[in-house]
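Numbering (the numbering used here), first residue to last: 5 to 277.
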């Protein structure tokens, strides 16, 4: 494993009551990091009872957590570590447990999950580079280089239309050759008689389409033939209005016998009141 030299400010904390700078340097060396003595270091002990670190935000390049307990550090403490680290800063979690290989994998998986949920990136497991009776291990992660709430412009990929290659040797069909002589003739519009001209559509003076005869059949009132020779299509016209159709031409006239002339009384048009 390649060694990495630490620079800048360093924060080290543990759940133990005592933590020396030599212990911090030894833990960092086991995980492949050197140069703890040259860093501006700050040490916090008995951090298992803390929910908040009494340091300013974004003030350390590196944070080393030396754990004796499996439950340490808590989720709340990981949030505080993310706060005090500078953008792009590194966190090292060093553990030296008395456990089997299966339990070690379980502990590292739990640490990786906590770091990811806290917002760290590039989470990975580090094995000890120093051989010893008790094999220690650690987990490394980085704080994102951007701040929470920042925005970035996403470049949209320009879409290009596919190129269509036309083969010049391909035989093209002339559209005009598909038309026959009948298709090229100008269509003949239907002839409209004079009776259809205008909005009134009345029979013209010299009507030859039969409209004049139809208009003569439809007349308002009674013709002389209807009065002198009354006829009934239904046979009920002479019985009176109670038996007549709604369109009966004899509506309003008194009852009469079929074939007889309809006579009106002298006071037929006189008002009753």
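Backbone N, C-alpha and C fix where the C-beta goes; we use that ideal spot for every residue, glycine too.
For residue j and residue i, the rounded distance between their alpha carbons
| i | j | result |
| --- | --- | --- |
| residue 15 | residue 88 | 9 Å |
| residue 259 | residue 248 | 10 Å |
| residue 280 | residue 62 | No statement about residue 280 is possible, as the shown extent of the chain runs from 5 to 277 and does not include it. |
| residue 162 | residue 114 | 43 Å |
| residue 91 | residue 164 | 39 Å |
| residue 187 | residue 207 | 37 Å |
| residue 190 | residue 183 | 13 Å |
| residue 142 | residue 34 | 9 Å |
| residue 145 | residue 12 | 17 Å |
| residue 157 | residue 149 | 16 Å |
| residue 128 | residue 29 | 20 Å |
| residue 23 | residue 155 | 40 Å |
Environment of residue i [buried if 16+ CB atoms lie within 10 Å]
| i | result |
| --- | --- |
| residue 43 | buried |
| residue 167 | exposed |
| residue 3 | The structure shown does not extend to residue 3, since the chain is modelled only from 5 to 277, so the question has no answer here. |
| residue 84 | buried |
| residue 93 | buried |
DSSP three-state assignment for residue i, whether helix, strand or coil
| i | result |
| --- | --- |
| residue 13 | strand |
| residue 75 | coil |
| residue 36 | coil |
| residue 168 | coil |
| residue 158 | coil |
| residue 69 | strand |
| residue 92 | strand |
| residue 244 | coil |
| residue 47 | strand |
| residue 118 | helix |
| residue 185 | helix |
Own chain, CB closer than 7 Å to residue i, minus 5 neighbours either side, in chain order
| i | result |
| --- | --- |
| residue 82 | 118, 119, 122 |
| residue 240 | 247, 248 |
| residue 31 | 68, 70, 98 |
6 Å Cβ shell around residue i - same chain, five flanking residues per side excluded
| i | result |
| --- | --- |
| residue 52 | 19, 76 |
| residue 9 | 38, 39 |
| residue 216 | 207 |
Spatial neighbours of residue i in its chain, beta-carbon cut-off 8 Å, leaving aside the 5 residues before and after
| i | result |
| --- | --- |
| residue 261 | 242 |
| residue 41 | 25, 29 |
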